[in-house]
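Below: one structure, written as structure tokens.
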């Protein structure tokens, strides 16, 4: 199976206190051509997210010291990391757990034991949404810059037209 690693620049941060889960997810994602960062706890994840700015975070909920909800909430409160989508991966499968994950800023939720095909499909979907949002943001910024240029031009034209009329 061929991957497009040379065409991809997506970086994904995998956060889980279980090394087995981190290894499985990392290997699967790397085989698909993604760059993978790994963190075994919430504090490390927050530092890595701020420094490396991954395009997506796969985040476990049940971790020692700082749970995934707290990590996600902290990420969303920072202007540096608020834009990074978070997919929760957890053994918790109650509706209340899923609702809480979405309420703190998660974009998706996968229950353990996870199916690799499902994880990959959800990762691809969220990365595509992220990329489209970034393109929309850039287009909006470009449009705002064009509008500022047009406003400046209109102001100049209006001023230039007023000057001869004032003399008359």
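In this note's numbering, the protein residues as written are -1 to 166. Don't be surprised by glycine CBs; every beta carbon is placed ideally from N, CA and C.
- Between residue 91 and residue 58, the alpha-carbon positions lie close to 12 Å from each other.
- The DSSP-derived three-state label of residue 82 is coil.
- Assignment of beta strand (DSSP E) within the segment 66 to 123, counting only whole runs of 3 or more residues, yields 84 to 88, 106 to 109 in chain order.
- A distance of 9 Å or more separates the beta carbons of residue 85 and residue 65.
- Spatial neighbours of residue 72 in its own chain (CB-CB distance under 7 Å, excluding positions within 5 residues in sequence) are listed in chain order as 44.
- For residue 114, the closest alpha carbon among the candidates 11, 15, 27, 143 is that of 27.
- Judged by DSSP in its simplified three-state form, residue 127 adopts helix.
- Here DSSP, grouped into helix, strand and coil, assigns residue 11 to strand.
- In the DSSP assignment, residue 17 falls within the alpha helix (DSSP H) that extends over 17 to 29.
- With 16 or more neighbouring CB atoms inside 10 Å of its own CB, residue 124 falls in the buried class.
- Annotation: residue 50 to residue 40 spans about 15 Å, alpha carbon to alpha carbon.
- The three-state reading of DSSP puts residue 45 in helix, counting H, G and I together.
- Rounded to the nearest whole angstrom, the C-alpha separation of residue 139 and residue 18 is 43 Å.
- Membership of residue 55 in the beta strand (DSSP E) is indicated by the continuous run 54 to 58.
- In this chain, the beta strand (DSSP E) harbouring residue 33 covers 33 to 37.
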